[in-house]
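Participant: Dumping the structure here so I can ask a few things about it.
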Amino acid sequence: MYIDMNSYFASCEQQRHPELRGKPLGVLTYDSPNAAVIAASIEAKRMGVKTGMRLRDCRELCPQMLTIATHPAWYRQIHVDVMAILRRYCDDVIPKSIDEAVCNFHSYKWVYNDLSAIARQIKADIAAQYDYLKCSIGIAPNSFLAKLGTELQKPDGLVTITEDNIDHHLATLKLTDLPGIATRNERRLQLIGIRNPVEMRHSSPALLRKAFGGVVGDYWHRRLNFCEVDMYNKSENRTMSATRTMSSQQSRDRQQLESMLISLCTRLEQRLVKSSLFCREVSFAIRYRDGSAWDTTVKLAEPLQDAMEMRSYIKERIAEYEQSRGLATLFTEKTTNLTVVIQSFVNGQVMQYSLFDNRLKRDMLRKVVYQIKDMYDQKNIVRKGSELLNPFVMKDAVGFGSVRDMGLGKDGQVKNRHMLEEDTAPGEPRKIVIRQRQPPPPAVEDEEMYHEYTGPAYSDDHYDNNPP
Ligand SMILES: [Mg+2]
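Okay, here's the thing in structure tokens:
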């Protein structure tokens, strides 16, 4: 059973602010006509607004659209509550992203004879706690087809895919309607004569191997013929990443870019400490408005956890490059996105400390700092000096992949409680920004509108969980 919350971020905002219900609403990470709408309410979608569209373009389709800034902690809280509801019915719940989860009911064959009834009960339980939230539920013999079921009926869908009705459902779809089939794959399939999902399902594994160039073709054959391919991720090879898209105003300030790097490293440090992991590989990428990018990867002899250490390796590489090219700085005003990715993890419990260094002490100190942070309700009451440089530069970006951090520990509590706290300054009330349409932009078009980053504003390691 696959559960997909409908128009999640927008519905969460409408849940919290009843005055926004029934109205077209766009959720943004920052407020600029070039910002991408990362989620749209059902009402806005009906007017043609799509996720990832620029605010400016949304306004053309839907002039009355309201906008609101993201409140990730609130979305995570609801995620945790919805997962708790699912766990009432199933002990094998796998969160796939902040608004999606799959429940494996295979061991419940003799317990439930009607999964549709369970699905309706789950919808009712969610509604009892959050009356404005709707979800689409798909039921099928494997998680891929169950997910496909959620795509077939939105909002508030409930679709069961069986051997008897699968071809009927597939006949309503194009190849690119299948999650994971984009235009490139569509072309490859068409090239060997597969024109639609029904033909794809009835193609031989050999033919599909030809289309996809290897074992991926076998996976597709199995997915469409009721075998399980997608449910569990390998926990090895996983990565953690922190990324932030900058407005053009932010990137004009070099100090903001420098602080952002610290924030990104600190976010990763926090996740490493919470899962007691160290990493042996750090990558960093800067993307620019003209589409170009610079990146570097550092492989480390000694696994690390510390944000400022992470930063110093990155800075070292940056300095080397700047010197070799005679560049003043890589952090130019054309910067549009910074990303830090870490991988190759080592468990803290099996870390080998070299004999003559004071790592052990520093690692213990870091742990204690986080324990002290945990003693207070608000995560920002206790800060490390490094976080003080410009503490509110980095708005809490919604990390989809971080659903792992929202899992439950042995004590039944959410593992990383910081994820559920709002990012406001201590003592400062939470700001809610609700904006009506702004006055029309000046007639002279500024050059930035052609270069603003318009991809999804989130790109934390969501794709680790979901095969692209
Ligand atoms: Mg959804």
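Reminder that position 47 of the sequence shown reads as 46 in numbering that gives the first Met the number 0, one-by-one numbering, no gaps. Cβ atoms here follow ideal geometry from the backbone N, Cα and C, with glycine treated the same way. The structure displayed is predicted, hence computed values, not measured ones.
#1: Leaving out the 5 sequence neighbours to the left and right, which residues in its chain are closer than 7 Å to T334 when beta-carbon positions are compared?
#2: Tell me which residues share the same chain as E185 and place their Cβ nearer than 7 Å to its Cβ, disregarding the 5 neighbours each side in the sequence.
#3: Determine, using beta carbons only, whether T242 and A306 come nearer to each other than 8 Å.
#4: What I want to know is whether the C-beta of E99 ends up closer than 7 Å to one or more non-hydrogen atoms of ligand 1.
#5: Across which residues does DSSP place R361 in a beta bridge pair?
#6: Can the beta-carbon of V339 be found closer than 8 Å to that of F277?
#7: If you count every other CB in all the chains shown that lies within 10 Å of the CB of P94, and 16 or more means buried, which is it?
#8: Find out if the Cβ-Cβ distance for the pair L267, I341 is shorter than 8 Å.
#9: Which residue's Cα is closest to the Cα of I313: L337, A83, E99 and A100?
#10: Quick one: does the C-beta of D155 sit closer than 7 Å to a heavy atom of ligand 1?
#11: Does any heavy atom of ligand 1 sit closer than 7 Å to the C-beta of R4?
#12: Any chance the CB of Y1 is under 7 Å from a heavy atom of ligand 2?
#13: Quick one, which of M46, G179, I2 and D130 has its alpha-carbon nearest V92's?
#14: Please report the distance separating the alpha-carbon of R316 from that of R324.
#15: Run the proximity test for Y7: is its beta-carbon closer than 7 Å to any non-hydrogen atom belonging to ligand 1?
#16: Just list the residues that DSSP pairs W293 with in beta bridges.
#17: So, helix, strand or coil for R119, using DSSP?
#18: In chain order, which continuous runs of the beta strand (DSSP E) of length 3 or greater are located wholly inside the region 62-118?
#19: Return the Cβ separation of C134 and Y74 in integer angstroms, given the expectation that the two are a contact with Cβ distance under 8 Å.
#20: Let me know the secondary structure DSSP gives I136 once reduced to three states.
#21: Going along the chain, which residues of its own chain have a beta-carbon closer than 7 Å to the beta-carbon of D362, five neighbours each way excluded?
#22: If we count the other Cβ atoms within 10 Å of its Cβ and call it buried at 16 or more, is A123 buried or exposed?
#23: Once the 5 residues before and after S202 are set aside, which same chain residues still bring their CB inside 6 Å of it?
#24: Among the candidates A318, T331, V272 and N103, whose CA atom is the shortest distance from the CA of G137?
#25: From the DSSP secondary-structure annotation, give me the bridge partner or partners of M239.
#26: Going by DSSP, which residues form a beta bridge with E227?
#27: Measuring straight from C-alpha to C-alpha, what distance separates V281 and L299?
#28: Can you tell me whether K298 is helix, strand or coil according to DSSP?
#29: Return the chain-ordered list of same chain residues with a C-beta closer than 6 Å to the C-beta of M4, the five sequence neighbours on each side being excluded.
#30: Could you tell me if G25 is buried or exposed, where buried requires 16 or more neighbouring beta carbons within 10 angstroms of its beta carbon?
#31: Taking the alpha carbon of A292 as the point to measure from, which residue in S275, V272, A318 and T331 has its own alpha carbon closest?
#32: DSSP on V48, reduced to helix/strand/coil?
#33: Cα separation between T50 and C57?
#34: Take the Cβ of S6 as the centre, count every other Cβ of all protein chains shown within 10 Å, and call the residue buried at 16 or more, exposed below.
Facilitator: Let me lay it out:
#1: So the list reads M245, S250, L256, I285 and Y287, once near-sequence residues are dropped.
#2: The residues are L174 and T175.
#3: For T242 and A306, no; Cβs fall outside 8 Å.
#4: Checking every heavy atom of ligand 1 against the Cβ of E99, one is found closer than 7 Å.
#5: Answer is none; R361 lacks a bridge partner.
#6: No, these two residues do not count as a Cβ contact at 8 Å.
#7: So P94 ends up on the buried side.
#8: Cβ atoms of L267 and I341: closer than 8 Å.
#9: Closest option to I313, Cα to Cα, is L337.
#10: No.
#11: Note on identity: in this sequence residue 4 is Met, with Arg being the wrong assignment. If you check the C-beta of M4 against ligand 1, you find a heavy atom less than 7 Å away.
#12: What this structure holds is ligand 1, not ligand 2.
#13: Minimum Cα-Cα distance from V92 among the listed residues M46, G179, I2 and D130 corresponds to I2.
#14: Annotation: R316 to R324 spans about 12 Å, alpha carbon to alpha carbon.
#15: Under cutoff, so the answer is yes.
#16: In the DSSP secondary-structure assignment, W293 is bridged to I285.
#17: DSSP places R119 in helix when its eight states are reduced to three.
#18: With a minimum length of 3 residues, the continuous beta strand (DSSP E) runs that stay inside the region 62-118 are 65-68, 92-96 and 99-102.
#19: About 14 Å separates the CB atoms of C134 and Y74; that is not less than 8 Å, and the two are not in contact.
#20: When secondary structure is reduced to three states using DSSP, I136 falls in the strand class.
#21: Exclusion of the five residues before and after D362 leaves Q304 as the residues of its chain whose Cβ lies within less than 7 Å of its Cβ.
#22: Result: exposed.
#23: I193, listed in sequence order.
#24: Closest by C-alpha distance to G137, out of A318, T331, V272 and N103, is N103.
#25: The partner list for M239 (beta bridge, DSSP) reads I341.
#26: Note: E227 is not bridge-paired with any residue in the DSSP secondary-structure output.
#27: For V281 and L299, the distance between alpha carbons rounds to 8 Å.
#28: If DSSP states are grouped into helix, strand and coil, K298 belongs with the strands.
#29: These residues qualify, in order along the chain: D98 and C134.
#30: Buried: at least 16 other Cβ atoms inside 10 Å.
#31: The shortest Cα separation from A292 among S275, V272, A318 and T331 belongs to T331.
#32: Three-state result, V48: coil.
#33: Taking the straight line joining both Cα atoms gives about 10 Å.
#34: The residue in question, S6, is buried, as its Cβ has 16 or more Cβ neighbours within 10 Å.
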